Amino acid sequence: MEPKQDNQSEESEQEDGGVKLGVEHVNLPNLSVQTEVTAINDTDASTGASPTKQADELTPEGPTPALHSTPQSSPQTDQATPLLTAPIAIFEQQHGRNGGFHFLGYHTLARLDFLAPHSEPLMRMLEQKFSHKDRFGNVKQKQRHATAWRTSLGQPWAVLNFTLDPIANAELPAPVIKCLE
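So the sequence shown is numbered by full-length UniProt numbering: it starts at 1 and just counts up by one.
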């Protein structure tokens, strides 16, 4: 069962090089949150990253076991950024005859790191992302055009780490997803 959400958003632009995506008001049964999301123009669709996300106002009205707020730090800012994360259902794609997806459990966001454009950690992450090991243990690089590498290196990226949430796994049932035909 999903919590009922009432989302309202306002859009505006920001002068410091980023685009202010908006202010979103989220009302959950026991929690009211106002977040401000700011992103730098991002043309790489595979990033899915927003450089800053802050919970400006947090007013809990009671304990909510399935909703956690933990401070996270970013290497670029060296200051704690509170993240409000609800449990996220994680699935693993099954290969072979049956295919489909297997539910691994509910996870929460444990760590959020931002990688600056043209930085050494970004280069290592992209090399790892676009390479794989064959069955003999040899590392094979995926063939990419030079402009694709330049575009990827010129964008800010976010690295997300998830941990298994034992509270949510004990309290929430596995999601039931039906196939569309």
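Beta carbons are placed, not taken as given, at the ideal position from N, Cα and C, and that holds for glycine. In this text, all values refer to a predicted model and were calculated from it rather than measured experimentally.
Near residue i, what residues of its chain come up, given a Cβ to Cβ distance below 8 Å and the 5 sequence neighbours on each side ignored?
i, result
"Phe130", "Gln141, Lys142, Arg144"
"Phe162", "Ile88, Ile90, His107, Thr108, Leu109, Ala110"
With a threshold of 16 other CB atoms inside 10 Å of the CB of residue i, please say whether the residue is buried or exposed.
i, result
"Gln155", "buried"
"Pro87", "buried"
"Leu115", "buried"
"Trp157", "buried"
"Ala168", "buried"
Any heavy atom of the ligand ADP closer than 7 Å to the CB of residue i?
i, result
"Lys133", "Absence of the ligand ADP from the depicted structure is noted, as is the absence of any ligand whatsoever, leaving it without description."
Measure the C-alpha to C-alpha separation of residue i and residue j and round it to an integer number of angstroms.
i, j, result
"Leu153", "Met125", "10 Å"
"Asp165", "Val159", "19 Å"
"Met123", "Gly105", "31 Å"
"Asp42", "Ala148", "Low confidence applies to Asp42: its pLDDT is 39, below 50, so where it sits in the model is not reliable enough to give any reading."
"Asn98", "Ala146", "38 Å"
"Glu127", "Val139", "10 Å"
"Leu180", "Ser119", "43 Å"
Which residue from the options puts its Cα closest to that of residue i?
i, options, result
"Lys178", "Gly100, Gln94, Thr151", "Gly100"
"Pro175", "Thr85, Gln94, Phe103", "Phe103"
"Arg150", "Gly96, Asp113, Gln94, Pro117", "Pro117"
"Thr85", "Gln94, Gln93, His95, Leu112", "Leu112"
So, at 6 Å on beta carbons, what are the nonlocal neighbours of residue i in its own chain, with the 5 sequence-adjacent residues on each side left out?
i, result
"Gln94", "Gly100, His102"
Less than 7 Å between C-beta atoms, sequence neighbours within five positions excluded: which residues of the same chain meet that for residue i?
i, result
"Pro121", "Leu115"
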